[in-house]
Amino acid sequence: MQKTTKRSWAILAAIFLTAAPAVAADVSTPAAPEAAAAHNPWQVRVRALGVITEDEGHVDGIPGSDLSYSDTITPELDISYYFTPNIAAELVLGTTYANVHTDGSIAGLGKVGKTWVLPPTLTLQYHFTDFGAFQPYVGAGVNYTMFYSQSDAGAFTNMDIEDTFGAALQVGFDYMIDDHWGFNLDAKKLFLEADWTADLGDTKLSGTAKLNPWLIGTGVTYRF
3 MQKTTKRSWA ILAAIFLTAA PAVAADVSTP AAPEAAAAHN PWQVRVRALG VITEDEGHVD
63 GIPGSDLSYS DTITPELDIS YYFTPNIAAE LVLGTTYANV HTDGSIAGLG KVGKTWVLPP
123 TLTLQYHFTD FGAFQPYVGA GVNYTMFYSQ SDAGAFTNMD IEDTFGAALQ VGFDYMIDDH
183 WGFNLDAKKL FLEADWTADL GDTKLSGTAK LNPWLIGTGV TYRF
């Protein structure tokens, strides 16, 4: 009887020792969501953005005609979502204005007008994560630029710059101070060439405004 009891206890002990790791694994499973929460995929940046245009364009049918545009500095907000630690999508939001001037062979005609510009840009980025706090990235995407609150100047009337799509290329880096805060430097090239029309007296003009701006920004990064 005593041997049977010892044998029973030994069997129970073996079952317990075998089952314990599995039970512990099951108990520790709920920790996974906490680990995932530590890597929130959302990020925002606030930047001061310099908009530097290419200053090219033309009026159809006038040889040597050209256009130029004012450069500006404006605040900018972008929102990023990280699909993985390396792959992210970034949406850039900001607005600025541009003064449009004649140039080249039509420089004497002066200022054409002024327009406000809203160029939301979506890029897909690859982030390099092997350099510690220094985290460079490259990106490419699409831009849709809307021109609004357009006004005429001088002898020009009915200026209308059409909304247009364009491609975008990007390079930049974050330097992370801690898990949440960092410093950012970013450069984008937008390929932006919009059709435009305007009246000069009784003459209807049309052409292409080749802004193709560089967007150079610097600011702060916050990761949730």
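Numbering (the working numbering), first residue to last: 3 to 226. Beta carbons: idealized from backbone N, C-alpha and C, even for Gly. Since this is a predicted model, take the numbers as computed values, not measurements.
Buried or exposed for residue i, please, with buried defined as at least 16 other CB atoms from any protein chain shown within 10 angstroms of its CB.
| i | result |
| --- | --- |
| Ile1 | In the structure displayed, the chain extends from 3 to 226; residue 1 sits before or after that span and is not available. |
| Asn186 | buried |
| Pro87 | exposed |
| Pro65 | exposed |
| Asp68 | buried |
| Asp188 | buried |
| Thr55 | buried |
| Asn42 | exposed |
| Glu78 | buried |
Taking just the CA atoms, how far does residue j sit from residue i?
| i | j | result |
| --- | --- | --- |
| Gly110 | Val222 | 43 angstroms |
| Arg49 | Val94 | 10 angstroms |
| Gly52 | Asp197 | 24 angstroms |
| Tyr139 | Ile89 | 10 angstroms |
| Ala142 | Thr210 | 24 angstroms |
| Leu213 | Tyr83 | 29 angstroms |
| Phe130 | Thr199 | 44 angstroms |
| Ala170 | Asp132 | 25 angstroms |
| Asp59 | Gln172 | Here residue 59 turns out to be Gly, not Asp, going by the sequence shown. Roughly 24 angstroms between the two C-alpha positions. |
| Val46 | Trp118 | 24 angstroms |
| His182 | Leu192 | 29 angstroms |
| Asn101 | Tyr150 | 13 angstroms |
| Met161 | Gly184 | 43 angstroms |
| Ala37 | Asp154 | Its pLDDT being 36, under 50, Ala37 is placed unreliably in this model, and the value from its coordinates should be taken loosely. Their backbone Cα atoms lie some 57 angstroms apart in a straight line. |
| Thr220 | Glu92 | 15 angstroms |
| Gly156 | Ser72 | 17 angstroms |
With DSSP as the reference, please indicate the residues paired to residue i in a beta bridge.
| i | result |
| --- | --- |
| Ala189 | Val173, Ile218 |
| Ala142 | Leu126, Leu171 |
Which residue comes first and which comes last in the beta strand (DSSP E) that contains residue i?
| i | result |
| --- | --- |
| His56 | Position check: residue 56 holds Glu in this sequence, whereas His was assumed. Premise fails: Glu56 is in no beta strand (DSSP E) and is neither H nor E. |
| Ala135 | Run containing Ala135: none; DSSP gives neither H nor E here. |
| His41 | Segment: none, His41 is in no beta strand (DSSP E) and carries neither H nor E. |
| Glu294 | No answer is possible for residue 294: the residues shown for the chain start at 3 and end at 226. |
| Glu78 | 74-84 |
| Ser67 | 67-71 |
Determine, for residue i, whether the minimum Cβ-Cβ distance to residues of chain B falls below 8 angstroms.
| i | result |
| --- | --- |
| Gly52 | Given the protein chain composition of this structure (a single chain), no chain B is represented. |
Using 8 angstroms for Cβ pairs, my map puts residue i next to residue j. What's the rounded Cβ distance?
| i | j | result |
| --- | --- | --- |
| Phe175 | Gln137 | 6 angstroms |
Confirm the yes/no value for this check: CB of residue i, any heavy atom of the ligand FAD, distance under 7 angstroms.
| i | result |
| --- | --- |
| Gly63 | The ligand content of the structure shown is nil, which means the ligand FAD is not present either. |
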